[in-house]
Amino acid sequence: MIELAKEGLRERIVKREAAPAEPFAIGGFAVITEPIPGSAQSATTTAEPAPALVTLRRPRKPPSPATTAPRRGVDPPTLELCRGCGYFVWQRDAACPFCGGDVAAAAATHAASITAAHAAAASIREILDRVRNPLPTPEA
Ligand SMILES: [Zn+2]
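The opening position of the sequence shown corresponds to residue 0 in numbering that gives the first Met the number 0, with each subsequent residue numbered one higher.
This is the structure:
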């Protein structure tokens, strides 16, 4: 660079190609050598910039169908609650990685106890209803 300045020249990086609008995209740049404005070299040479010395560019590859196809929504993977320990596990896991229990069996046991609890609550509601609203006693 100091050697170039002795000759009244400088190097400058110019953008030749904008980066495409995609993550980690790379644009094209070139290093040009040009006269330093106001130097003797600039007075004697034309205003034309020197040809590009280096061009940085990502190699072009044809777009793959995955990138050109419209993106469609995909449901995220769902987790299932292990009723044995209360941790969420992948649905594909037959045995819980946390407690080692059978996730499906624990879910069935839980569902059965929920059904029993609903039945017990219904019978309690029925008893309370009878206490609050007793049947009229038959007239003697
Ligand atoms: Zn578990």
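Using N, Cα and C, we set each Cβ at its ideal position, and we do this for glycine too.
Values in this document were obtained by computation on a predicted structure and should not be read as measured data.
Close to ligand 1, as judged by a C-beta nearer than 6 Å to any of its heavy atoms, are the residues Cys81, Gly83, Cys84, Tyr86, Cys95, Phe97, Cys98 and Gly100, in chain order.
DSSP lists Leu80 as the beta-bridge partner residues of Phe87. Spatial neighbours of Leu78 in its own chain (CB-CB distance under 8 Å, excluding positions within 5 residues in sequence) are listed in chain order as Phe87, Val88, Trp89 and Gln90. Rounded to the nearest whole angstrom, the CA to CA distance from Thr136 to Ile123 is 22 Å. Counting other Cβ atoms within 10 Å of its Cβ, Val102 reaches 16 or more and is therefore classed as buried. DSSP places Leu8 inside the beta strand (DSSP E), whose first and last residues are Leu8 to Glu16. For a cut-off of 8 Å, the C-beta gap from Thr114 to Arg82 is around 14 Å, too long to register as a contact. Arg129 and Asp74 have their alpha carbons spaced roughly 49 Å apart. For Ala111 and Pro76, the gap between their C-alpha atoms comes out near 26 Å.
Sorting Leu8, Glu2, Ile1 and Ala116 by C-alpha distance to the C-alpha of Gly37 places Leu8 at the top. Straight-line spacing of the CA atoms in Pro19 and Gly26 works out to 7 Å.
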